[in-house]
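Engineer:
Residue numbers (the working numbering): -11 to 31.
Rendered as structure tokens:
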């Protein structure tokens, strides 16, 4: 599961680019951190 979430994080980050501050996988969950002014675009 963790590898799939890492792949998803990489894919999202690559697709959205600078609107993403970062992402991480912990406790079986993917967390994506976005720049506040661009949150609607990220969602």
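Even glycine gets a Cβ: it sits at the ideal position worked out from N, Cα and C.
Mapping the DSSP letters down to three states, classify residue 16 as helix, strand or coil.
Structural biologist: The DSSP-derived three-state label of residue 16 is coil.
Engineer: Return the chain-ordered list of same chain residues with a C-beta closer than 6 Å to the C-beta of residue 29, the five sequence neighbours on each side being excluded.
Structural biologist: 7
Engineer: Look up residue 4 in the DSSP assignment and give the residues it is bridged to.
Structural biologist: Residue 4 is not bridged to any residue.
Engineer: Given this structure, state the Cα-to-Cα distance separating residue 12 from residue 23, to the nearest angstrom.
Structural biologist: 15 Å
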